[in-house]
Amino acid sequence: MKSGEQSHQNPWHNWLCPDIRPNWKIQKRRESDQFVLQELQGNRHIILTSTEASALKYFIGEYQLQQIQAKIHQEFKEEVSPNLVIELIEKIAKAGVLTPPNNNSKPTPPSRDYRLKPEVKWFEHPDGHWILRNREDFTFIQMDDFSKAITSDLGKLSPTQIIEKYDIAIPKFNQHLQLLANQGMLVGTKRQKKPRGKFTPFQLLYYQIPLFNPDSWLTQHIDKLRWIWTRTFAFILCTFITYSTVVGLSQKTEIIAMGQKLWQYYDTSLILPFAILAMVVVSIHELSHAFTLKHYGGIVPEIGLFFMALIPSAYTDTTDAYCLMKRRQRVFVVAAGVLCQITIGAIALWLWNLSAADTWLHTGSYLLMTAALFTVAINLNPLSKFDGYYLAVALSGINNLRDRSFKFYTNLLTAKPIPEKLSVQVWLALYAPFSFAYLLFVFGFLLFRIIDWSLMNLFFWTLTLITIWAIYFYSPRTPMTATNNNATTNNSRPLSPAKEPPNPRLLPDTLLTSAVEVGYLKYLRFWLKLGLITSILIACGFIPTSFEVGGRVELETREGAREIIRVPRVAVVKEITVKPGDYVQPGQIVAKLSSLELDREIATVEEQLNQAHQALAAAKTEQIRAQAQLLEVTGVAAATEAKAKREKDRASALITGKLPPEIQVLETQAQRLQAQIPEIEDKLQRYQDLSQQGAISRERKDNVESELKDIQSALAAKNQEIESAKQQQRDRATDLQNETSSQQTTIDASRMIAQAETQMTAQQNAIATIEKRLKQLQTQQESLTLRSTKAGIILTNDLDLRRNQELKPGEDLLLEIADLTELTATVEIKQEDLEYVEIDKPVTFRPLQAKLRPYKATVKRILPKIQNDPNQLNRVALVQIIVNNSDGKLNPGASGYAKIWSEQIFLYQRLGRELMRLVPLERFMWGE
1 MKSGEQSHQN PWHNWLCPDI RPNWKIQKRR ESDQFVLQEL QGNRHIILTS TEASALKYFI
61 GEYQLQQIQA KIHQEFKEEV SPNLVIELIE KIAKAGVLTP PNNNSKPTPP SRDYRLKPEV
121 KWFEHPDGHW ILRNREDFTF IQMDDFSKAI TSDLGKLSPT QIIEKYDIAI PKFNQHLQLL
181 ANQGMLVGTK RQKKPRGKFT PFQLLYYQIP LFNPDSWLTQ HIDKLRWIWT RTFAFILCTF
241 ITYSTVVGLS QKTEIIAMGQ KLWQYYDTSL ILPFAILAMV VVSIHELSHA FTLKHYGGIV
301 PEIGLFFMAL IPSAYTDTTD AYCLMKRRQR VFVVAAGVLC QITIGAIALW LWNLSAADTW
361 LHTGSYLLMT AALFTVAINL NPLSKFDGYY LAVALSGINN LRDRSFKFYT NLLTAKPIPE
421 KLSVQVWLAL YAPFSFAYLL FVFGFLLFRI IDWSLMNLFF WTLTLITIWA IYFYSPRTPM
481 TATNNNATTN NSRPLSPAKE PPNPRLLPDT LLTSAVEVGY LKYLRFWLKL GLITSILIAC
541 GFIPTSFEVG GRVELETREG AREIIRVPRV AVVKEITVKP GDYVQPGQIV AKLSSLELDR
601 EIATVEEQLN QAHQALAAAK TEQIRAQAQL LEVTGVAAAT EAKAKREKDR ASALITGKLP
661 PEIQVLETQA QRLQAQIPEI EDKLQRYQDL SQQGAISRER KDNVESELKD IQSALAAKNQ
721 EIESAKQQQR DRATDLQNET SSQQTTIDAS RMIAQAETQM TAQQNAIATI EKRLKQLQTQ
781 QESLTLRSTK AGIILTNDLD LRRNQELKPG EDLLLEIADL TELTATVEIK QEDLEYVEID
841 KPVTFRPLQA KLRPYKATVK RILPKIQNDP NQLNRVALVQ IIVNNSDGKL NPGASGYAKI
901 WSEQIFLYQR LGRELMRLVP LERFMWGE
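Using the UniProt record's numbering, read the sequence shown as starting at 1 and increasing by one per residue.
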């Protein structure tokens, strides 16, 4: 009997054989010609013949039972049983591979009810296509008019009538049914979830976790918020955002300065609050998408978390926006999140302007503003599937923009027809290169940073893990996670409102190889893969790499760039003017001390100095008095001596006849009197004669006689006065001579001055001694004001606890200052690696707090001694390196990894050296 006749006698020959690939796979046994149907996620397996294996290759959800029987008959000719496929279905049904309905102990085809579910609804898109939405499973399919007509006739016409009516190939029709079934569009079907494949490291870049269905909650609260979508509110919001934008641009300098100030003061401690605020902004952003879609009558079936490069965020499934007929509504659904972020940023801008500086509200509002603007900048990127991409899709009306643009270039490069309009081709041609360059840059950058860090820090273990993963991933005997090319997911991309509905694919009917050929090809493919992996590994062995040695180190301050400040004497800390982490300049005051003993001694010396100054002042006064007395005595003595000389000269003049003027006056007067006597005597003689003659009266004679006597008496008095004046002159000369000799003998002013000067010299010496001591004490007191002699950072903690504490010299450490522009570390290098280390060799230091950021360093010194490491396991040499810390981010005590660059070698040479480190081959090659 021919297979064609058998198909008419068995009504279930039209049964569409299901796709078993998601859960089962066929493998050929190496030691025999048998095949095995192996369960992917389990240990069940079924032994198959080569013909059965060939038949199962067609169980992909596209062929009916009779079609598979005909293909097997054509392939193996008369060797095939006409009931091979029926017997095969019975065989695998017993093993639980499939469970068709029972009919007389034979498997029956599934239900022929190809009707669409009642929940499935058509939406005519104004861009010329149809959207088929499954409200129950929330799946979407985009179709053209031809596919829509075929789908609409399901349940109205039989599959055979539909095939004849539309003149399509059976495999293409079956594929169309399979797509509808996978999306849960047909009665009795459920959406097929995409099975997981094997783990790849790229899965860590993006994965999402659904949380709950928010649609009922959104429906409950949407009426309270419908005023948001009114024109009045839209006008107010646009005015507010425009004005805020103008204000923000005018304050650009202040905003940038504030950011630099916060980063300089808080450094990396800002990352956590910034990330939390960004998550809050993104969460409100997603609610904006959801409420906007709900306002226009859409469905929001899911809200969840997603992680991009392990960074958490949120997503909302707004795929139902594709069912909105107005492009303006679809644009609003996408743009709602961006408008919400911009509004949050504007509100935060005004809070920042209105709040007082140095308050939590001021700092928090600034972080909120930057978080909103930062997420907006990322979200508006049209080259990644964020809001910017879906906004471009909504504005252009080109769904599946990225996939269609890549497919456009694929068809263009393979000379296949391009089923796109000319206007659409322009957009596709422009978008694909930029999108590809962006993806290449982003993933290339991430891959480069990860590989660079892994090779620098965990080279051997990274290579080991990659090798193990490659063996696991490409091993043909390891079960692979089932995949379903027709199944799609309804989750949106990160920070995006929706995904694009799939287009139905009507693939041409292609011939499949036999099971034997497939088994042989699979066997050959295994060895080709193994050879390819081996070739790649060999080629990778010749990749030039930098050979480095080193290990974990701890940073220390550099010699000559650090200072320990101690107290010069026993003192009490009165004030500390710096804080831990402050930068100080040379000469800057860092602390003030006080010493009670020193204060008392200074007070005593100052009192002694005051007394010495008083004694000196008294001596100076005495000296001045003696000097004045000396001047006075000297003047008097000089005057007396001059007077005595004059008097002596006068006395001598008396002897020689030289009379002084006063005696000369007396002599002159006496001479005049003497001259008058003869004249009066003559006159008296005449009067006597006349009186005797009686010529005159006796009275007149008596008057003349009396006048004569008066003149003679006056002359005698003058002579006596002259003699008295001469005697007085002689006596005065004698007295002055005697007076001068007495002063010179009784007044010794010089002696008084000498005594005063002696006292002054003694007091000045005493003052100099006391002042010297006082200066020493004051210097000691000034030394209690501690100053930095170097520029550097204060490293000592708990300085506030040092206040009012008594410290002793040479014992107690007050604080430590160090210049941190360069730090040093000691690297332990194994003895066998010492030959790769040289002075001034470049070193890469990566701190634990920033492993992806390398710091440049150089080898400064290799200590000339080999010693045991702390664990007493290896002989090591100590190598001192200098780390450049110009940005000031590294601190003493920080640990990290230092790698000393040695030379450029091939990868296989480096692996050999790593192997030599791990395995002591010298014990086996050269003996103990």
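Cβ coordinates follow ideal geometry from the N, Cα and C atoms, glycine included.
Tell me the residue span of the beta strand (DSSP E) that contains residue i.
i    : result
Q142 : 139-143
S697 : Careful: S697 lies outside any beta strand (DSSP E) and carries neither H nor E.
I60  : Here I60 belongs to no beta strand (DSSP E), and DSSP marks it neither H nor E.
Y114 : Taken as a continuous stretch (DSSP letters only), Y114 belongs to no beta strand (DSSP E), as it is neither H nor E.
S546 : 544-557
Y897 : 895-906
S313 : 311-316
A801 : Sequence check: residue 801 is Leu here, not Ala. From DSSP, L801 is part of no beta strand (DSSP E); its letter is neither H nor E.
T785 : 785-787
R566 : 562-566
Name the residue from the options whose alpha carbon lies nearest to the alpha carbon of residue i.
i           : options                : result
R698        : Q38, F473, L684        : L684
L180        : T232, L116, F212, N213 : L116
Q585        : T769, N379, V281, I817 : I817
L799        : L911, A415, E164, V578 : V578
V665        : I46, T796, N719, N885  : N719
D317        : T51, R672, H289        : H289
L349        : V333, L367, T761       : L367
T621        : L555, T779, T230, I753 : I753
K726        : Q755, E667, S713, Y855 : E667
G893        : L911, T796, Y166       : T796
F140        : K121, F146, S152       : K121
residue 932 : M325, E302, Q67, A70   : Missing from the structure shown is residue 932; the chain here goes from 1 to 928 and no further.
T410        : A394, P433, Y390, Y389 : P433
Q909        : I228, E548, D819       : E548
Starting from residue i, trace the alpha helix (DSSP H) both ways and give me its first and last residue.
i    : result
G248 : 231-250
T292 : 271-295
K889 : Unbroken run through K889: none, as it is neither H nor E.
Y366 : 360-379
L395 : 387-396
F173 : 170-182
Are the CB atoms of residue i and residue j nearer to each other than 8 angstroms?
i    : j    : result
I881 : V843 : yes
G337 : L907 : no
G792 : P847 : no
L48  : L56  : yes
E62  : Q175 : yes
S435 : S396 : no
I92  : I46  : yes
L218 : F123 : no
K709 : Y687 : no
G259 : T370 : yes
L65  : V85  : yes
Check the C-beta distance from residue i over to residue j and give it rounded, since I have them as a contact under 8 angstroms.
i    : j    : result
Y322 : I131 : 6 angstroms
E822 : R552 : The pair is not a contact, with the Cβ atoms about 20 angstroms apart (cut-off 8 angstroms).
L786 : L593 : 7 angstroms
I677 : I711 : 6 angstroms
L834 : A898 : The Cβ separation is near 15 angstroms, so there is no contact.
Starting from residue i, follow its DSSP beta bridges and name the residues at the other end.
i    : result
H45  : Q38
T858 : P842, I882
V120 : N134
V573 : L593
A847 : The residue asked about is misnamed: residue 847 is Pro in this sequence, not Ala. Note: P847 sits in a beta bridge opposite G896.
K28  : F35
R686 : According to DSSP, R686 bridges with nothing at all.
E828 : L878
E822 : N884
D582 : Paired residues: none, contrary to the question.
Q208 : F306
N868 : R875
I817 : E563, I794
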